[in-house]
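A short write-up of the structure that comes next.
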Amino acid sequence: MPVDFSGTWNLVSNDNFEGYMVALGIDFATRKIAKMLKPQKVIKQDGDSFYIHTTSTFRDYLLEFKVGEEFEEDNKGLDNRKCKSLVTWENDKLVCVQTGEKKNRGWTHWLEGDDLHLVLTSDFY
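With positions in the sequence shown counted from 1, the corresponding number in this note's numbering is that position plus 10.
This is the structure we're talking about:
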């Protein structure tokens, strides 16, 4: 049985987020605003089906997917790119691989105690 990610999560830190945004080609002004945000993430999980709603004073982002099924993702409000995403389980971690304009882009989520961790990846970062 996979770990249950359901809950409300608040950003505590965003180490080297600037470098990630530079690698995606996000403009200077947007990067400065994004670094100051403290978004909240609400995750609802039903087995392998996920609903993730990220909110901040700057934007809202909704992501719905089923683990193991590729889906189209529109990153409007992030870097405004479309990509194909595939989320899989690696032990108790959710690992997303995104294919599109930027190579080797994706993210990994996992829980440690009461903390939700997120690592963002992209080539040139």
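All residues carry an ideal CB built from backbone N, CA and C; glycine is no exception.
As the structure is a prediction and not an experimental result, all values here were calculated from the model.
Asked: Neighbour-count burial assignment, residue 104, 16 or more Cβ in a 10 Å radius; Found: buried
Asked: 8 Å CB neighbourhood of residue 121 in its chain, flanking five on each side removed; Found: 13, 15, 102 and 127
Asked: Any 3 or more C-beta pairs closer than 8 Å across the segment 54 to 65 and the segment 82 to 91; Found: no
Asked: Rounded distance between the beta-carbons of residue 27 and residue 45, thought under 8 Å; Found: 6 Å
Asked: Beta-carbon gap between residue 107 and residue 95 smaller than 9 Å; Found: yes
Asked: Boundaries of the beta strand (DSSP E) in which residue 65 is found, first to last residue; Found: 59 to 65
Asked: Buried/exposed call for residue 97, threshold 16 Cβ in 10 Å; Found: buried
Asked: Pairwise C-alpha distance: residue 47 and residue 37; Found: 16 Å
Asked: Cα-Cα separation, residue 129 to residue 100; Found: 14 Å
Asked: Coarse secondary structure for residue 100, derived from DSSP in three states; Found: strand
Asked: Pairwise C-alpha distance: residue 31 and residue 25; Found: 12 Å
Asked: Minimum C-alpha distance to residue 133 - residue among 92, 124 and 117; Found: 117
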